[in-house]
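To keep things clear, I will list the structure first and then write my remarks on it.
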Amino acid sequence: MSKKYILALVILIAVGVGIGIWALSFSPTSGPPQSNNSTQYTDPSWTFPPESEPAILLPDFRPVVAEVIPSVVSVTTETVISSFFGESTEYVAGSGILIDDKGYIVTNEHVVESAQSIYVELADGRTSSANIVGTDPLSDLAVIRIDATDLPHACWGDSGSLSLGEWVLAIGNALEKGIGVTQGIVSSLNVSVTSEGNTLFGLIQTTAALNPGNSGGPLVNMSGEVIGITSVKIVASGVEGIGFAISSDEAKPIILDLIRYGRVTYPWLGVLAQTVNPLLAASENLSVDKGALILTVVADSPADTAGLREDDIIIRFADKEISNVVDLVQAIRASEIGEEVEIEFVRGEDIETTSARLVERPAS
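Everything in the sequence shown is counted per the working numbering, starting at 239 for the first residue and increasing by one.
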(Lines of atoms letter the chains of each structure in order from A and count residues from 1; the text may use other names and numbers.)
(Lines give C-alpha, C1' and ligand atoms only; values in the text may rest on other atoms or scores of the structure.)
Protein backbone atom coordinates (compact mmCIF):
# COMPACT_ATOMS: atom_id res chain seq x y z
CA MET A 1 0.00 0.00 0.00
CA SER A 2 1.39 3.34 -0.99
CA LYS A 3 2.09 6.11 1.52
CA LYS A 4 -0.48 8.39 -0.20
CA TYR A 5 -3.17 5.75 0.18
CA ILE A 6 -2.39 5.19 3.88
CA LEU A 7 -2.44 8.95 4.55
CA ALA A 8 -5.82 9.38 2.82
CA LEU A 9 -7.28 6.52 4.84
CA VAL A 10 -6.11 8.02 8.16
CA ILE A 11 -7.62 11.39 7.23
CA LEU A 12 -10.89 9.74 6.21
CA ILE A 13 -11.10 7.81 9.49
CA ALA A 14 -10.30 10.93 11.53
CA VAL A 15 -12.93 13.01 9.74
CA GLY A 16 -15.50 10.27 10.13
CA VAL A 17 -14.83 9.96 13.85
CA GLY A 18 -15.16 13.77 14.24
CA ILE A 19 -18.42 13.83 12.35
CA GLY A 20 -19.74 11.00 14.48
CA ILE A 21 -18.82 12.76 17.72
CA TRP A 22 -20.41 16.03 16.49
CA ALA A 23 -23.61 14.22 15.45
CA LEU A 24 -23.79 12.45 18.80
CA SER A 25 -23.38 15.69 20.71
CA PHE A 26 -26.02 17.60 18.73
CA SER A 27 -28.50 14.91 17.76
CA PRO A 28 -32.18 16.10 17.85
CA THR A 29 -33.09 13.44 20.34
CA SER A 30 -30.66 14.67 22.98
CA GLY A 31 -31.82 18.37 22.98
CA PRO A 32 -29.77 21.38 24.14
CA PRO A 33 -27.60 21.19 27.25
CA GLN A 34 -29.69 21.42 30.41
CA SER A 35 -28.87 22.85 33.83
CA ASN A 36 -29.17 20.60 36.84
CA ASN A 37 -32.68 20.12 38.26
CA SER A 38 -34.30 22.50 35.69
CA THR A 39 -37.39 20.33 35.29
CA GLN A 40 -38.56 20.86 38.84
CA TYR A 41 -39.40 24.52 38.03
CA THR A 42 -41.39 23.91 34.86
CA ASP A 43 -45.14 23.47 34.47
CA PRO A 44 -46.36 22.14 31.08
CA SER A 45 -49.96 23.13 31.91
CA TRP A 46 -49.18 26.82 32.73
CA THR A 47 -51.24 29.57 31.05
CA PHE A 48 -51.62 33.32 31.62
CA PRO A 49 -53.99 34.13 34.51
CA PRO A 50 -57.44 35.37 33.53
CA GLU A 51 -57.69 39.09 32.93
CA SER A 52 -58.36 41.12 36.09
CA GLU A 53 -61.23 43.57 36.53
CA PRO A 54 -60.70 46.82 34.65
CA ALA A 55 -59.00 49.57 36.69
CA ILE A 56 -61.28 52.01 38.50
CA LEU A 57 -61.30 55.26 36.58
CA LEU A 58 -61.06 58.67 38.23
CA PRO A 59 -64.42 60.32 38.82
CA ASP A 60 -65.62 62.91 36.34
CA PHE A 61 -65.06 66.22 38.13
CA ARG A 62 -66.75 68.34 35.48
CA PRO A 63 -70.33 68.12 36.82
CA VAL A 64 -69.11 69.08 40.31
CA VAL A 65 -67.11 72.04 38.99
CA ALA A 66 -70.04 73.22 36.86
CA GLU A 67 -72.31 73.14 39.91
CA VAL A 68 -69.98 74.91 42.36
CA ILE A 69 -67.96 77.39 40.34
CA PRO A 70 -70.77 79.96 39.83
CA SER A 71 -70.80 80.56 43.61
CA VAL A 72 -67.01 81.03 43.94
CA VAL A 73 -65.71 84.61 43.83
CA SER A 74 -62.37 86.37 43.57
CA VAL A 75 -61.65 88.80 46.41
CA THR A 76 -59.19 91.70 46.14
CA THR A 77 -58.42 94.06 49.00
CA GLU A 78 -56.69 97.43 49.12
CA THR A 79 -54.76 98.70 52.09
CA VAL A 80 -52.99 102.07 52.21
CA ILE A 81 -49.71 101.80 54.11
CA SER A 82 -47.94 104.87 55.48
CA SER A 83 -44.19 104.87 55.95
CA PHE A 84 -41.24 107.24 56.14
CA PHE A 85 -41.20 107.31 52.34
CA GLY A 86 -44.89 108.20 52.06
CA GLU A 87 -48.02 106.20 51.31
CA SER A 88 -48.31 103.09 49.21
CA THR A 89 -51.18 100.78 48.34
CA GLU A 90 -50.96 97.07 49.08
CA TYR A 91 -53.22 94.63 47.25
CA VAL A 92 -54.13 91.18 48.56
CA ALA A 93 -55.88 88.57 46.44
CA GLY A 94 -58.01 85.76 47.79
CA SER A 95 -61.17 83.81 47.22
CA GLY A 96 -64.62 83.49 48.73
CA ILE A 97 -67.81 81.49 48.51
CA LEU A 98 -71.37 82.81 48.29
CA ILE A 99 -73.43 81.07 50.96
CA ASP A 100 -76.86 82.54 50.20
CA ASP A 101 -78.68 84.70 47.66
CA LYS A 102 -78.45 87.81 49.88
CA GLY A 103 -74.80 88.45 49.10
CA TYR A 104 -73.09 86.93 52.15
CA ILE A 105 -69.62 85.61 51.29
CA VAL A 106 -67.33 83.53 53.50
CA THR A 107 -63.58 84.05 53.17
CA ASN A 108 -60.48 84.04 55.39
CA GLU A 109 -59.86 86.69 58.00
CA HIS A 110 -56.30 87.16 56.81
CA VAL A 111 -57.58 88.03 53.32
CA VAL A 112 -59.58 91.05 54.52
CA GLU A 113 -57.51 91.95 57.57
CA SER A 114 -56.88 95.74 57.72
CA ALA A 115 -58.49 96.18 54.29
CA GLN A 116 -59.74 99.66 53.51
CA SER A 117 -61.47 98.59 50.31
CA ILE A 118 -62.72 95.17 49.22
CA TYR A 119 -63.72 94.21 45.68
CA VAL A 120 -65.42 91.02 44.57
CA GLU A 121 -65.59 89.56 41.08
CA LEU A 122 -68.32 87.02 40.42
CA ALA A 123 -67.96 84.04 38.12
CA ASP A 124 -70.17 85.77 35.53
CA GLY A 125 -67.79 88.73 35.37
CA ARG A 126 -69.76 91.16 37.51
CA THR A 127 -67.73 93.19 40.01
CA SER A 128 -68.88 94.79 43.23
CA SER A 129 -67.47 96.46 46.30
CA ALA A 130 -67.98 94.55 49.55
CA ASN A 131 -68.38 95.43 53.20
CA ILE A 132 -67.10 93.47 56.19
CA VAL A 133 -69.87 91.84 58.20
CA GLY A 134 -67.57 90.33 60.82
CA THR A 135 -64.15 88.76 61.29
CA ASP A 136 -62.70 86.20 63.68
CA PRO A 137 -58.89 85.99 63.85
CA LEU A 138 -58.96 82.91 66.09
CA SER A 139 -60.62 80.79 63.40
CA ASP A 140 -59.26 82.78 60.41
CA LEU A 141 -62.81 83.23 59.13
CA ALA A 142 -64.59 86.34 57.90
CA VAL A 143 -67.91 87.20 56.31
CA ILE A 144 -68.28 90.01 53.79
CA ARG A 145 -71.35 91.12 51.86
CA ILE A 146 -72.06 92.54 48.42
CA ASP A 147 -75.15 94.33 47.17
CA ALA A 148 -76.21 92.26 44.19
CA THR A 149 -79.13 90.17 42.96
CA ASP A 150 -79.60 86.84 41.20
CA LEU A 151 -76.75 85.30 43.13
CA PRO A 152 -75.97 81.58 42.97
CA HIS A 153 -74.87 80.10 46.26
CA ALA A 154 -73.11 76.97 47.42
CA CYS A 155 -74.60 74.06 49.32
CA TRP A 156 -73.13 73.63 52.80
CA GLY A 157 -71.95 70.11 53.56
CA ASP A 158 -71.22 67.90 56.56
CA SER A 159 -67.46 67.55 57.12
CA GLY A 160 -68.14 64.99 59.84
CA SER A 161 -69.05 62.46 57.15
CA LEU A 162 -65.66 62.68 55.41
CA SER A 163 -63.40 59.66 55.14
CA LEU A 164 -59.68 59.36 54.52
CA GLY A 165 -58.99 58.92 50.82
CA GLU A 166 -62.19 60.67 49.73
CA TRP A 167 -61.92 62.85 46.63
CA VAL A 168 -62.16 66.63 47.13
CA LEU A 169 -61.76 69.70 44.92
CA ALA A 170 -60.23 73.05 45.90
CA ILE A 171 -61.64 75.96 43.92
CA GLY A 172 -60.30 79.49 44.03
CA ASN A 173 -58.36 82.40 42.59
CA ALA A 174 -54.97 80.67 42.73
CA LEU A 175 -52.02 82.93 41.85
CA GLU A 176 -54.53 85.65 40.86
CA LYS A 177 -55.13 83.83 37.57
CA GLY A 178 -58.90 83.65 37.96
CA ILE A 179 -61.00 80.86 39.36
CA GLY A 180 -59.35 77.47 38.90
CA VAL A 181 -59.69 73.95 40.24
CA THR A 182 -57.31 71.41 41.76
CA GLN A 183 -58.16 67.90 42.87
CA GLY A 184 -56.88 65.73 45.72
CA ILE A 185 -57.97 63.45 48.50
CA VAL A 186 -58.61 63.83 52.21
CA SER A 187 -55.31 62.79 53.76
CA SER A 188 -56.05 63.52 57.43
CA LEU A 189 -58.88 64.80 59.63
CA ASN A 190 -59.16 66.86 62.82
CA VAL A 191 -55.68 68.33 62.38
CA SER A 192 -54.32 71.24 64.42
CA VAL A 193 -51.89 73.70 62.84
CA THR A 194 -50.20 76.73 64.40
CA SER A 195 -49.74 79.71 62.10
CA GLU A 196 -48.31 83.05 63.22
CA GLY A 197 -48.87 82.21 66.87
CA ASN A 198 -52.51 81.14 66.43
CA THR A 199 -53.61 77.50 66.46
CA LEU A 200 -56.39 76.40 64.15
CA PHE A 201 -58.30 73.30 65.17
CA GLY A 202 -60.37 70.66 63.41
CA LEU A 203 -58.69 71.16 60.05
CA ILE A 204 -59.01 68.92 57.00
CA GLN A 205 -55.65 68.00 55.47
CA THR A 206 -55.74 67.48 51.73
CA THR A 207 -53.42 66.73 48.84
CA ALA A 208 -55.28 69.21 46.61
CA ALA A 209 -52.75 71.83 45.53
CA LEU A 210 -53.24 75.22 47.22
CA ASN A 211 -51.46 78.39 46.20
CA PRO A 212 -51.58 82.08 47.13
CA GLY A 213 -55.03 83.33 46.18
CA ASN A 214 -56.78 80.07 47.13
CA SER A 215 -57.30 81.34 50.68
CA GLY A 216 -60.98 81.64 51.50
CA GLY A 217 -62.14 79.43 48.65
CA PRO A 218 -64.19 76.27 49.13
CA LEU A 219 -63.08 72.67 49.47
CA VAL A 220 -65.93 70.56 48.10
CA ASN A 221 -66.83 66.89 48.00
CA MET A 222 -68.01 64.95 44.97
CA SER A 223 -71.60 66.00 45.69
CA GLY A 224 -70.61 69.64 45.20
CA GLU A 225 -71.04 70.45 48.91
CA VAL A 226 -68.71 72.81 50.75
CA ILE A 227 -66.97 70.73 53.41
CA GLY A 228 -64.13 73.18 54.12
CA ILE A 229 -62.74 76.69 53.67
CA THR A 230 -59.12 76.56 52.50
CA SER A 231 -56.87 78.43 54.90
CA VAL A 232 -53.32 77.31 55.48
CA LYS A 233 -50.58 75.87 53.33
CA ILE A 234 -47.32 74.56 54.73
CA VAL A 235 -44.43 75.85 52.68
CA ALA A 236 -41.19 74.37 53.93
CA SER A 237 -38.15 72.54 52.65
CA GLY A 238 -39.00 68.90 52.03
CA VAL A 239 -42.77 69.40 52.49
CA GLU A 240 -44.94 69.13 49.40
CA GLY A 241 -48.58 68.54 48.62
CA ILE A 242 -50.03 69.40 52.03
CA GLY A 243 -52.89 71.89 52.31
CA PHE A 244 -55.49 72.60 54.96
CA ALA A 245 -59.09 73.70 55.13
CA ILE A 246 -61.26 74.77 58.06
CA SER A 247 -63.90 72.08 58.28
CA SER A 248 -67.49 73.07 57.53
CA ASP A 249 -68.63 71.78 60.92
CA GLU A 250 -66.10 74.02 62.72
CA ALA A 251 -66.91 76.98 60.49
CA LYS A 252 -70.72 76.84 60.61
CA PRO A 253 -71.35 78.20 64.16
CA ILE A 254 -68.68 80.86 63.66
CA ILE A 255 -70.28 82.03 60.42
CA LEU A 256 -73.68 82.16 62.14
CA ASP A 257 -72.28 84.38 64.92
CA LEU A 258 -70.52 86.65 62.43
CA ILE A 259 -73.71 87.18 60.40
CA ARG A 260 -75.99 87.56 63.43
CA TYR A 261 -73.75 89.58 65.75
CA GLY A 262 -70.73 90.71 63.73
CA ARG A 263 -68.31 88.92 66.04
CA VAL A 264 -67.64 85.60 67.75
CA THR A 265 -67.54 85.21 71.51
CA TYR A 266 -65.47 82.51 73.17
CA PRO A 267 -65.50 81.26 76.75
CA TRP A 268 -62.25 81.98 78.59
CA LEU A 269 -60.36 80.32 81.42
CA GLY A 270 -57.31 82.57 81.54
CA VAL A 271 -54.26 80.29 81.36
CA LEU A 272 -51.28 79.80 79.07
CA ALA A 273 -50.45 76.10 78.92
CA GLN A 274 -48.03 73.60 77.41
CA THR A 275 -48.64 69.99 76.41
CA VAL A 276 -47.19 67.41 78.77
CA ASN A 277 -45.59 64.40 77.07
CA PRO A 278 -43.28 61.65 78.32
CA LEU A 279 -40.16 63.61 77.33
CA LEU A 280 -41.25 66.75 79.22
CA ALA A 281 -42.37 64.65 82.17
CA ALA A 282 -38.97 62.97 82.39
CA SER A 283 -36.96 66.17 81.98
CA GLU A 284 -39.05 68.14 84.52
CA ASN A 285 -39.64 65.22 86.87
CA LEU A 286 -43.43 65.50 86.55
CA SER A 287 -45.70 62.95 88.18
CA VAL A 288 -47.83 62.47 85.03
CA ASP A 289 -46.85 62.20 81.37
CA LYS A 290 -49.91 63.81 79.75
CA GLY A 291 -52.14 66.81 80.32
CA ALA A 292 -51.87 70.61 80.00
CA LEU A 293 -49.14 72.19 82.12
CA ILE A 294 -50.05 75.73 83.22
CA LEU A 295 -47.27 78.20 82.45
CA THR A 296 -49.13 81.42 83.26
CA VAL A 297 -52.34 82.28 85.12
CA VAL A 298 -53.87 85.64 84.16
CA ALA A 299 -54.63 87.77 87.20
CA ASP A 300 -58.33 88.00 88.10
CA SER A 301 -59.22 85.40 85.45
CA PRO A 302 -61.56 82.45 86.13
CA ALA A 303 -58.47 80.25 86.57
CA ASP A 304 -57.04 82.66 89.12
CA THR A 305 -60.33 82.80 91.04
CA ALA A 306 -60.51 78.98 90.98
CA GLY A 307 -57.09 78.76 92.65
CA LEU A 308 -55.13 77.31 89.74
CA ARG A 309 -51.39 78.04 89.79
CA GLU A 310 -48.38 77.82 87.54
CA ASP A 311 -47.06 74.25 87.22
CA ASP A 312 -50.48 72.72 87.87
CA ILE A 313 -51.33 70.11 85.23
CA ILE A 314 -54.96 70.03 84.04
CA ILE A 315 -55.99 66.44 83.32
CA ARG A 316 -59.79 66.80 83.11
CA PHE A 317 -62.03 69.71 82.14
CA ALA A 318 -65.78 69.25 82.69
CA ASP A 319 -66.36 65.68 81.48
CA LYS A 320 -63.45 65.63 79.02
CA GLU A 321 -60.09 63.99 79.63
CA ILE A 322 -57.23 66.38 78.83
CA SER A 323 -54.13 64.84 77.27
CA ASN A 324 -52.69 67.98 75.65
CA VAL A 325 -53.26 71.69 75.07
CA VAL A 326 -55.46 71.04 72.03
CA ASP A 327 -57.83 69.00 74.21
CA LEU A 328 -58.00 71.84 76.72
CA VAL A 329 -58.70 74.55 74.13
CA GLN A 330 -61.38 72.48 72.44
CA ALA A 331 -62.99 71.64 75.81
CA ILE A 332 -63.09 75.33 76.76
CA ARG A 333 -64.56 76.33 73.39
CA ALA A 334 -67.20 73.62 73.71
CA SER A 335 -68.39 75.20 76.96
CA GLU A 336 -70.68 78.19 77.47
CA ILE A 337 -69.90 81.66 78.73
CA GLY A 338 -71.10 81.78 82.33
CA GLU A 339 -70.93 78.00 82.71
CA GLU A 340 -69.29 76.65 85.86
CA VAL A 341 -67.03 73.72 85.04
CA GLU A 342 -65.22 71.23 87.21
CA ILE A 343 -61.46 71.01 86.64
CA GLU A 344 -59.26 68.13 87.77
CA PHE A 345 -55.56 68.87 88.00
CA VAL A 346 -52.29 67.53 89.35
CA ARG A 347 -50.28 69.60 91.82
CA GLY A 348 -47.00 67.92 92.64
CA GLU A 349 -48.05 64.32 93.10
CA ASP A 350 -51.59 65.04 94.32
CA ILE A 351 -54.75 65.07 92.23
CA GLU A 352 -57.07 67.94 93.17
CA THR A 353 -60.37 69.34 91.94
CA THR A 354 -61.69 72.88 91.62
CA SER A 355 -64.37 74.68 89.63
CA ALA A 356 -64.27 77.80 87.48
CA ARG A 357 -67.00 79.99 86.03
CA LEU A 358 -66.01 80.83 82.48
CA VAL A 359 -66.31 84.40 81.18
CA GLU A 360 -66.18 85.91 77.69
CA ARG A 361 -62.72 85.99 76.20
CA PRO A 362 -61.31 89.54 76.32
CA ALA A 363 -60.96 91.24 72.95
CA SER A 364 -57.19 91.55 73.43
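Even for Gly, the Cβ is constructed at its ideal location relative to N, Cα and C.
Here DSSP, grouped into helix, strand and coil, assigns residue 340 to coil. Membership of residue 584 in the beta strand (DSSP E) is indicated by the continuous run 578 to 585.
A contact is defined here as three or more CB-CB pairs under 8 Å, and the stretch 350 to 357 meets this definition with respect to the stretch 306 to 322.
Residue nearest to residue 404 within the set 444, 417, 478 is 444 (criterion: CA-CA distance). 8 Å or more divides the Cβ of residue 346 from the Cβ of residue 430. In this structure, DSSP gives residue 531 an extended state, which the three-state scheme calls strand.
For residue 408 against residue 376, the beta-carbon gap comes to about 23 Å, at or over 8 Å, which does not count as contact.
Under the rule that a run must span 4 or more residues, the alpha helix (DSSP H) segments found entirely inside the stretch 284 to 336 read 300 to 306. According to the DSSP assignment, residue 414 belongs to no beta strand (DSSP E), since it is labelled neither H nor E.
For the set 440, 486, 390, 364, the Cα lying nearest the Cα of residue 304 is the one of 390.
Between residue 310 and residue 462 the beta-carbon gap is near 11 Å, outside 8 Å, which marks them as no contact.
If you check the CB distance, residue 481 and residue 446 come in under 8 Å.
Taking a 10 Å sphere around the C-beta of residue 466, we find 16 or more other C-beta atoms and assign the residue as buried. When C-alpha distances from residue 527 are compared across 550, 545, 539, 534, the shortest belongs to 550.
Relative to the Cα of residue 386, the nearest Cα in the group 427, 340, 563 belongs to 340. By the CB criterion at 8 Å, residue 331 and residue 411 fall inside the cutoff.
Distance between residue 485 and residue 428, taken at the CA atoms: about 8 Å. Its chain contains 357, 358, 359 as the residues whose beta carbon lies nearer than 8 Å to that of residue 365, once the 5 sequence neighbours on both sides are disregarded; these appear in chain order. The alpha carbon of residue 530 has as its nearest neighbour, out of 513, 518, 591, 571, the alpha carbon of 513.
Looking at the DSSP output, residue 435 sits in no beta bridge, so it has no partner there. Within the stretch 536 to 597, complete beta strand (DSSP E) segments of at least 3 residues are found at 551 to 555, 578 to 585, 588 to 595, given in chain order. Restricting attention to 283, 348, 296, 600, the CA atom closest to the CA of residue 502 is found in 600. For residue 497, the enclosing alpha helix (DSSP H) stretches over residues 486 to 499. Looking only at 372, 543, 324, 282, the smallest Cα-Cα distance to residue 492 is reached by 372. DSSP places residue 516 in no beta strand (DSSP E) but in the uninterrupted alpha helix (DSSP H) bounded by 516 to 522. Residues of the same chain with a CB within less than 7 Å of the CB of residue 398, apart from the 5 flanking positions on each side, are 487 in chain order. Within its own chain, the residues whose Cβ lies closer than 6 Å to the Cβ of residue 384, once the five positions on either side in sequence are excluded, are 341, 358, 366, 368, listed in chain order.
Relative to the Cα of residue 437, the nearest Cα in the group 511, 542, 333, 533 belongs to 511.
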